[in-house]
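In our numbering, the protein residues as written are -5 to 363. Take a look at the structure below.
Right, here's the structure in full:
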């Protein structure tokens, strides 16, 4: 005979793919009905038309089907009531109903902000690959696409579905093992964002206070190029961020990147290291190494800032091609030389980050500096 307890024990292994916790822990199992060797499980979805419904059904069939004596598994779906969604939000956030949520991550989460002084140095594609490389090494990683005007993470990470809202809490979509939040999820097509300072500040604030990030090891933030409103806001909002400066070897890029470091020092960020992107080009025919953007800019910038040069990533068309296809190069082609350089970077970066003190960052108004 199949026992209900055995079925419920098996359901512990069914993990909500976006919240990343068991459906039993989340109280999503509504009913278990057993008729001889046949079992029917009812799962309560957070919202109608949940985009991960098929994934949950597959998991239930796999794990319940493995219970001794079970020959067939049926899966039915229900939808949580407003009260149940409120209870779920409170369970996830730990905050009582009506209490203002603070701008904080788990105490152990380390925040990596990736910045450049100018556009066109490959910062976003490098950010996507660095985050994916950290996840491949076993870390829990979230990605914030803070380049509001030039959002690109949804395309580079191959994801377009919107976050699921649970009682005013957003559950970020997941792909390649990364939890992702971008303003691109809320814009139709590739529309422009015609916002100014206060609206930008509020949007970024929501990304940190109204999103359930869970127990992350790293939150990787793709900063916008330049030194404008968004960079200033993030310096105020992010808890104890460490800044990685991306530059090319070119003197012009290096000089502009120095300005991003200047703004960081004025907004509470700590520069942890420099990454030289497009460092060199290796000919696919003969293996000859050339330096189309010059040499030494990354090391010169690192020396000037008094921080380590963490890595030199080659110029590689495949990095661009796989980004356009929505799959980071480190995932699509792990044996690629550039992918290996990013994997080495992912090993080097944690060593230069600060340990979080656990202090919570409280919401504060937009300042003028």
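Glycine included, each C-beta is placed from N, C-alpha and C at the ideal position. Just so we're clear, the structure is a prediction, and the values are computed from it rather than from any experiment.
Residue i burial status per 10 Å Cβ neighbour count (16 or more: buried)
| i | result |
| --- | --- |
| residue 273 | buried |
| residue -5 | exposed |
| residue 140 | buried |
| residue 280 | exposed |
| residue 110 | buried |
| residue 121 | buried |
| residue 201 | buried |
| residue 12 | buried |
| residue 315 | exposed |
| residue 287 | buried |
| residue 179 | buried |
| residue 369 | Outside the displayed range of the chain (-5 to 363) lies residue 369, so it cannot be described from this structure. |
| residue 301 | buried |
| residue 52 | exposed |
| residue 59 | exposed |
| residue 337 | buried |
| residue 115 | buried |
| residue 321 | buried |
| residue 209 | exposed |
| residue 367 | Residue 367 lies beyond the residue range present for the chain, which begins at -5 and ends at 363; the question has no answer from this structure. |
| residue 333 | buried |
| residue 294 | buried |
Segment limits, alpha helix (DSSP H) that includes residue i
| i | result |
| --- | --- |
| residue 123 | 117 to 130 |
| residue 326 | 323 to 326 |
| residue 49 | 47 to 59 |
| residue 264 | Taken as a continuous stretch (DSSP letters only), residue 264 belongs to no alpha helix (DSSP H), being part of the beta strand (DSSP E) at 264 to 271. |
| residue 39 | Segment 32 to 39 is the beta strand (DSSP E) holding residue 39; no alpha helix (DSSP H) there. |
| residue 336 | 331 to 346 |
| residue 0 | -2 to 5 |
Backbone CA spacing between residue i and residue j [nearest angstrom]
| i | j | result |
| --- | --- | --- |
| residue 365 | residue 291 | Given that the chain is displayed from residue -5 to residue 363, the structure contains no residue 365 and the question cannot be resolved. |
| residue 240 | residue 9 | 36 angstroms |
| residue 151 | residue 207 | 17 angstroms |
| residue 123 | residue 214 | 11 angstroms |
| residue 160 | residue 44 | 11 angstroms |
| residue 119 | residue 86 | 31 angstroms |
| residue 275 | residue 242 | 12 angstroms |
| residue 251 | residue 22 | 48 angstroms |
| residue 145 | residue 219 | 11 angstroms |
| residue 3 | residue 101 | 31 angstroms |
| residue 138 | residue 163 | 16 angstroms |
| residue 259 | residue 265 | 8 angstroms |
| residue 329 | residue 323 | 9 angstroms |
| residue 75 | residue 313 | 45 angstroms |
| residue 247 | residue 133 | 31 angstroms |
| residue 278 | residue 269 | 24 angstroms |
| residue 41 | residue 84 | 17 angstroms |
| residue 199 | residue 68 | 42 angstroms |
| residue 228 | residue 203 | 13 angstroms |
| residue 235 | residue 254 | 14 angstroms |
| residue 405 | residue 47 | Look at the range of the chain in this structure, -5 to 363, and you will see that residue 405 is not part of it. |
| residue 256 | residue 297 | 15 angstroms |
| residue 62 | residue 36 | 20 angstroms |
| residue 128 | residue 263 | 21 angstroms |
| residue 6 | residue 16 | 6 angstroms |
| residue 370 | residue 166 | The structure shown does not extend to residue 370, since the chain is modelled only from -5 to 363, so the question has no answer here. |
| residue 233 | residue 24 | 38 angstroms |
| residue 126 | residue 212 | 11 angstroms |
Beta strand (DSSP E) segment containing residue i, residue limits
| i | result |
| --- | --- |
| residue 87 | Not the beta strand (DSSP E): residue 87 falls in the alpha helix (DSSP H), residues 76 to 87. |
| residue 66 | 66 to 73 |
| residue 244 | Element bounds for residue 244: n/a, residue is neither H nor E. |
| residue 102 | Taken as a continuous stretch (DSSP letters only), residue 102 belongs to no beta strand (DSSP E), as it is neither H nor E. |
| residue 24 | 23 to 29 |
| residue 10 | Here residue 10 belongs to no beta strand (DSSP E), and DSSP marks it neither H nor E. |
| residue 440 | No statement about residue 440 is possible, as the shown extent of the chain runs from -5 to 363 and does not include it. |
Heavy atom of the ligand NAD within 7 angstroms of residue i beta-carbon
| i | result |
| --- | --- |
| residue 292 | The ligand NAD is not among the ligands present in this structure, which contains no ligands whatsoever. |
- Task: Flag this pair as touching only if the segment 334 to 344 and the segment 168 to 179 have three or more C-beta atom pairs under 8 angstroms; answer yes or no.
- Result: With fewer than three CB-CB distances shorter than 8 angstroms, the segment 334 to 344 does not count as touching the segment 168 to 179.
- Check whether the segment 67 to 87 touches the segment 99 to 118, counting contact only when three or more Cβ pairs, one atom from each stretch, lie closer than 8 angstroms. Output reads no: the segment 99 to 118 does not touch the segment 67 to 87.
- Message: For a minimum of 3 consecutive residues, which ranges assigned as the beta strand (DSSP E) are wholly contained in the segment 136 to 186?
- Response: Segments of the beta strand (DSSP E) lying fully in the segment 136 to 186: 158 to 160, 163 to 165, 172 to 176.
- Query: In chain order, which beta strand (DSSP E) runs of at least 3 residues are fully inside the segment 287 to 320?
  - Reply: Residue ranges of uninterrupted beta strand (DSSP E) with 3 or more members, entirely inside the segment 287 to 320 and ordered along the chain, are 303 to 307.
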